[in-house]
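Chemist: Residue numbers (my numbering), protein chains in the order written: chain F, 1 to 503; chain Y, 1001 to 1652.
#1: Exposed or buried, which one is residue 1635 of chain Y when buried takes at least 16 other CB atoms within 10 Å?
#2: Quick check on the DSSP output: what are the complete alpha helix (DSSP H) runs of length 4 or more inside the segment 1380 to 1405 of chain Y, in order along the chain?
#3: Hey, how far is the Cα of residue 1654 of chain Y from the Cα of residue 1210 of chain Y?
#4: Output, in chain order, the set of chain Y residues within a Cβ distance shorter than 7 Å of residue 429 of chain F.
#5: From the DSSP output, which residues share a beta bridge with residue 308 of chain F?
#6: DSSP beta-bridge partners for residue 1265 of chain Y?
#7: Go through its chain and collect everything with a Cβ distance to residue 1017 of chain Y's Cβ below 7 Å, but skip five positions before and after it.
#8: May I ask you to list the residues that DSSP assigns as paired with residue 86 of chain F?
#9: Using a Cβ cut-off of 8 Å (strictly closer), state whether residue 443 of chain F contacts chain Y.
#10: Closest to residue 173 of chain F by CA distance: which of F:220, F:207, F:234, F:247 is it?
#11: If distances are taken between C-alpha atoms only, which option among Y:1494, Y:1082, Y:1440, Y:1393 comes closest to residue 482 of chain F?
#12: Taking CB distances under 8 Å as the criterion, tell me whether residue 381 of chain F reaches chain Y.
#13: Taking 8 Å as the threshold (C-beta atoms), are residue 95 of chain F and residue 138 of chain F in contact?
#14: Go ahead and label residue 156 of chain F buried or exposed: buried means 16 or more other beta carbons lie within 10 angstroms of its beta carbon, across all protein chains shown.
#15: With a threshold of 6 Å on Cβ separation, who are the neighbours of residue 1251 of chain Y within its own chain once the five nearest residues in sequence on each side are excluded?
#16: Ends of the alpha helix (DSSP H) at residue 1294 of chain Y?
#17: Threshold first: 3 residues or longer. Then list the beta strand (DSSP E) segments lying entirely within the segment 1196 to 1261 of chain Y, N to C.
#18: State the CB to CB distance for the pair residue 141 of chain F and residue 71 of chain F, rounded to an integer number of angstroms; the pair is presumed to be in contact (CB under 8 Å).
#19: Inspect the CB distances between the segment 315 to 322 of chain F and the segment 410 to 421 of chain F and report whether three or more fall short of 8 Å.
#20: Specify, as a first and last residue, the run of the alpha helix (DSSP H) that residue 1503 of chain Y falls within.
#21: What residue range does the alpha helix (DSSP H) around residue 153 of chain F cover?
#22: What does residue 41 of chain F reach in chain Y if we use C-beta pairs closer than 8 Å?
#23: Taking buried to mean at least 16 other C-beta atoms within 10 Å of its own C-beta, is residue 306 of chain F buried or exposed?
#24: Using the beta-carbon count (16 or more within 10 Å), is residue 364 of chain F buried or exposed?
#25: Mapping the DSSP letters down to three states, classify residue 1085 of chain Y as helix, strand or coil.
#26: Could you give the residue range of the beta strand (DSSP E) that holds residue 1658 of chain Y?
#27: For a cutoff of 8 Å on Cβ pairs, would you count residue 1166 of chain Y as touching chain F?
#28: So is residue 1187 of chain Y buried or exposed if we call it buried at 16+ other beta carbons inside 10 Å?
#29: I'd like the ranges of any alpha helix (DSSP H) spanning at least 4 consecutive residues and lying wholly in the segment 16 to 72 of chain F.
#30: Check for me: the alpha helix (DSSP H) holding residue 1616 of chain Y runs from which residue to which?
#31: Let me check understanding here. Comparing Cα to Cα, which of F:451, F:1, F:447, F:425 lies closest to residue 1224 of chain Y?
#32: Whose Cβ in chain Y lies nearer than 9 Å to the Cβ of residue 377 of chain F?
#33: Between residue 1143 of chain Y and residue 1204 of chain Y, how many whole angstroms is the CB-CB distance? I'm expecting something under 8 Å.
#34: Label residue 26 of chain F either buried or exposed according to how many other C-beta atoms from any shown protein chain fall within 10 Å of its C-beta, with 16 as the threshold for buried.
#35: Name the chain F residues whose beta carbon is nearer than 7 Å to that of residue 1151 of chain Y?
#36: Express the C-alpha separation of residue 375 of chain F and residue 455 of chain F in angstroms, rounding to a whole number.
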């Protein structure tokens, strides 16, 4: 019972914190920031405890038979009785790990944006609301609840980019929000369809999994739902929002957007689209593989040509997200697990990327790699963190990226279709391209002589920033060195999904 | 296996500890104690490895394989499990000793070499990281573990080449090295994925017991671009895996990174780019030798690649002036020797294979590691004294540095293959194996290369140590104790490793023990050793004639301008670097990447713009309808109702 309350608190606490801060004067920034950080810390601790709990419970039960993951801390009560919508939250391996990821990114994101200089009260409140909505997405097992959280998130994103962003922030914010809204509209259409076609007057995802939706419905609903979710996963051709969006967003928002929000797409794909409409999924996924080709192969090449750090990282995210979708499209148990691992791994990785980039940018005031140089001498700590992120990104063994990529490649190769094989092979060969753009960026930015005199006086990371970076690095290394338990843990929620997929 | 072996993970952990402590703490506090810590921990690892080796060979399990320990790292499926373990067999035990010994000595040497460098703490930390990853690679029980550490040594190499990251040349060399080996590794990874898919295992023991020709591998599999039979897939997989070694061992045409990698500090070149990491490719082939042998055609490819690299690099080495580059090309050439010796093993009958090449190659890994490592240390010593890499600035150093002089004479004789120095024994066996297996052309090329080796090594030797001093730096040159000690230590195995190692290698290092069908001993061609030694002596004599005889025209020897076109082409390394840059710049960056960006910016971006414009236009069209005039609204209402009634045939 206590655990269940703690679990529900994860998304409630941020909102409570915001409410708590409302009466505090906006000039008391220090107090406000500390309250928010403390609350994020509590949530982080809570989520770590819950991961531990769920791990214990799920591993004791073993991999569930049948098509339903065992949900821990299940909370189910009537919410909107006129449409039978319930408030259903629960935790299985996948969702609790994603919650943990979010908690880490929110916490470190707050640390990374410690120094923003205007409207701190609103900014931190928005981060909390954004966090709450993302937690909600990963926790909820009711389609209406899921969608409400899913929508909340894009709006916060817009406000934060437009309010605290840099560069062409208005345009980027609009582009991001409108594109995501398009995806949401597609998703909304399908979940209404699922409710009506399902005929059991329930929005409960696990209950709907037993329903065989009619194939004619599935045939049009699945692509709509999958692509709708894939918009936030920046699958080609809906990737265009992400480079602009990331580049204008403030550091914490970049971290949250790339680290967590982009994972909501594949999460929705696997949790809703593939899980509820397996017949159509089996038909459509090979076609979706064509789209993956762009993400996996082409995005890396585009990153080579860009000079703006955030654009490079955004395209790198697109190509890494492509690997998640490759795992989904390949649709073998191993590939699904690889996709889930990659969601987690890329969250840490890109969090570290954007955090270090944001900190470097706040010092140099330029993101053009040609204008930088020799920064390793000036700010060794930030430089090393960027290099760590880079190496984790190019799939260096010892970091989580390698584990995830290897699982995806080996898993996708088990799919015998010609197209998937081809994409897998191209994907494996394109790890060189990743190496090219990452080393090129690191070398131009960090190595060589110090190009500008005013760079020489810049300071290295302060303790707050160091804490943030070390925390994420620890996660990257932890998953990379001990992937065994996390894979086994993920299997407890991936295997039922796959069982339903093959029904 | 006893306790001692089952705790042998300490051999890895000690360097790793040194990396962590130095990297996280000591490197900024006290670089001297960082060096001492590194020496002590690597020394302990060395002692452990040597004791382990002695135990292994004495306890009677010698040619057998022992699994000292193994942990599951990442289970992919029930059966396909990536584990991390420690495999003890003659090959890995030999490499353990080589890596730890060389790592220990190079650490001592670095104390002297990096004395003035303010960031030497970082250097020691990275060096220990390299030792750790290399040891992990050596003890791998499966190909996945090998790939894991394979990448780590690549990163260690990247960071150490670019150690002086303020030097643009070092930075670009490190980038080139990493990307080129990474390119090869992507094929390696593909090979692992393919082979593990067909076989269902990563384990060396499983792979080495395969017989691709059997019915178990009959069906077809789809590779996306083409269909291929399962046995064909195994052959392809073996070639792909070899490609990893191809890049790591810098075989032609992926050789260009190795000479450029000489931008790193010399101790790094000594340990990574001559003695240990670059032989990883050869080690990989030796490790999977029965598998490669079972895949038809792979060994031939290995032989051709190795043989061509051997002579190609030797030719370039004859013209270079930078002593580290001469040694780098020499390393390439020697790696070529090791490769083609492995490839030269041919099937001579039903289920029989001549494996002399295997023995010879592993033997050459062993002897080469010592004398080449030592030659690099010598080069570093000279560079440290005269502050230049070029032979232009040397000459007459023999009198100033007698210990170094005599030690490097031993190493030069060893690499040239003069009896009774160590290189003679291994090189002789390599030549013999090529001859016995009937590869006459390869044998001829190898024999000629052997002469070239003697020539360019003694060109280096005479020009550096003999003659008149050619720069002021020579006058101040002196022996540095921390640097001379490892050099002299390495002179001992350079002298004796061949003679004393021959027995051990002949007895234990046959893949017959590694589950390959029986080896047939062949008739010994008695004249081959004499030919090998003779060629070497001729090479030395020619070098003496050109560079060290009284009144030799050294000035002309070092002149690179007034030369024939052919000499210039060779001096510029056949313009391979330029070719690579052209391809990468124009084709990869300018062609593919630029058009990808163009597609994304203009086609995708254009479509997005188009959708925006359509929405806006549609909006403004509808806007005109909302004019605000009541008459217009009523008019449209009436027209609408009429149209509804008469065109739509709907009830009024």
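By construction, the Cβ of each residue, glycine as well, lies at the ideal position given by its N, Cα and C atoms.
Here the structure is a predicted model, which is why all the values come from computation and not from measurement.
Modeler: This is what the structure gives:
#1: Taking the first residue of the second chain as 1, we reach residue 1635 of chain Y at position 635. Classification for residue 1635 of chain Y: exposed.
#2: 1397 to 1400
#3: Only positions 1001 to 1652 of chain Y appear in the structure, and residue 1654 of chain Y is not among them; the question remains open.
#4: By 1-based counting over the first chain, the position of residue 429 of chain F is 429. Taking a Cβ-Cβ threshold of 7 Å, the residues of chain Y close to residue 429 of chain F are 1186, 1190, in chain order.
#5: Sequence index remark: in the first chain, residue 308 of chain F carries index 308 (1-based). Note: residue 308 of chain F sits in a beta bridge opposite F:368.
#6: Taking the first residue of the second chain as 1, we reach residue 1265 of chain Y at position 265. Residue 1265 of chain Y is not bridged to any residue.
#7: Within the second chain, residue 1017 of chain Y is the residue found at index 17, counting from 1. Around residue 1017 of chain Y: 1041.
#8: Here residue 86 of chain F refers to the residue found at position 86 when the first chain is read from its first residue. In DSSP, residue 86 of chain F forms a bridge with F:78.
#9: Locating residue 443 of chain F in the first chain gives position 443, where the first residue counts as 1. Cβ-Cβ to chain Y under 8 Å: yes for residue 443 of chain F.
#10: The sequence position of residue 173 of chain F within the first chain is 173, counting from 1. Closest by alpha carbon: F:247.
#11: Looking up residue 482 of chain F in the first chain gives position 482. Among Y:1494, Y:1082, Y:1440, Y:1393, the Cα nearest to that of residue 482 of chain F is on Y:1082.
#12: Your numbering for residue 381 of chain F matches position 381 in the first chain. In terms of beta-carbon proximity, residue 381 of chain F stays away from the interface with chain Y, with every pair separated by 8 Å or more.
#13: Against the first chain, residue 138 of chain F aligns to sequence position 138. Against the first chain, residue 95 of chain F aligns to sequence position 95. Contact: yes.
#14: Within the first chain, the letter at position 156 stands for residue 156 of chain F. Under this definition residue 156 of chain F is a buried residue.
#15: Along the second chain, read from residue 1 onward, the residue named residue 1251 of chain Y stands at position 251. Closer than 6 Å at the Cβ level, and outside the excluded window around residue 1251 of chain Y, lie 1305, 1309.
#16: As a position in the second chain, residue 1294 of chain Y is number 294, starting the count at 1. Element bounds for residue 1294 of chain Y: 1289 to 1294.
#17: 1220 to 1222, 1227 to 1229
#18: For the purposes of this step, residue 141 of chain F is taken as residue 141 along the first chain, with counting starting at 1. For the purposes of this step, residue 71 of chain F is taken as residue 71 along the first chain, with counting starting at 1. Going by Cβ atoms, the distance from residue 141 of chain F to residue 71 of chain F rounds to 7 Å, so yes, they are a contact pair.
#19: no
#20: Numbered from 1 along the second chain, position 503 holds the residue referred to as residue 1503 of chain Y. Run containing residue 1503 of chain Y: 1481 to 1508, per the alpha helix (DSSP H) assignment.
#21: Indexing the first chain from 1 puts residue 153 of chain F at position 153. Note, residue 153 of chain F: alpha helix (DSSP H), 143 to 164.
#22: One-based indexing of the first chain puts residue 41 of chain F at position 41. The premise fails here: residue 41 of chain F is roughly 24 Å from chain Y at the closest Cβ pair, so nothing lies under 8 Å.
#23: Residue numbering aside, residue 306 of chain F sits at position 306 when the first chain is read from its first letter. Looking at its Cβ environment, which holds 16 or more other Cβ atoms inside 10 Å, residue 306 of chain F is buried.
#24: The count along the first chain starts at 1 and reaches residue 364 of chain F at position 364. It is buried - the Cβ of residue 364 of chain F has at least 16 other Cβ atoms within 10 Å.
#25: For this step, residue 1085 of chain Y is matched to residue 85 along the second chain. In this structure, residue 1085 of chain Y counts as strand in the three-state DSSP scheme.
#26: Summary: the structure shown does not reach residue 1658 of chain Y, with chain Y confined to residues 1001 through 1652, and so no result is reported for it.
#27: For this step, residue 1166 of chain Y is matched to residue 166 along the second chain. It does: the Cβ of residue 1166 of chain Y has a partner Cβ on chain F nearer than 8 Å.
#28: The sequence position of residue 1187 of chain Y within the second chain is 187, counting from 1. Classification of residue 1187 of chain Y: buried, given that the 10 Å Cβ count is 16 or more.
#29: 29 to 61
#30: Your numbering for residue 1616 of chain Y matches position 616 in the second chain. Looking at the DSSP string, the run of the alpha helix (DSSP H) that includes residue 1616 of chain Y is 1605 to 1625.
#31: Here residue 1224 of chain Y refers to the residue found at position 224 of the second chain. Comparing Cα positions, the closest option is F:425.
#32: Taking the first residue of the first chain as 1, we reach residue 377 of chain F at position 377. Near residue 377 of chain F (Cβ distances below 9 Å), the residues of chain Y are 1165, 1166.
#33: Numbered from 1 along the second chain, position 143 holds the residue referred to as residue 1143 of chain Y. Numbered from 1 along the second chain, position 204 holds the residue referred to as residue 1204 of chain Y. Contact holds; Cβ gap of about 7 Å.
#34: Residue numbering aside, residue 26 of chain F sits at position 26 when the first chain is read from its first letter. Result: exposed.
#35: Position 151 of the second chain, counted from the first residue, corresponds to residue 1151 of chain Y. Near residue 1151 of chain Y (Cβ distances below 7 Å), the residues of chain F are 396, 397.
#36: If you number the first chain from 1, residue 455 of chain F lands on position 455. If you number the first chain from 1, residue 375 of chain F lands on position 375. In a straight line, the C-alpha of residue 455 of chain F is about 8 Å away from that of residue 375 of chain F.
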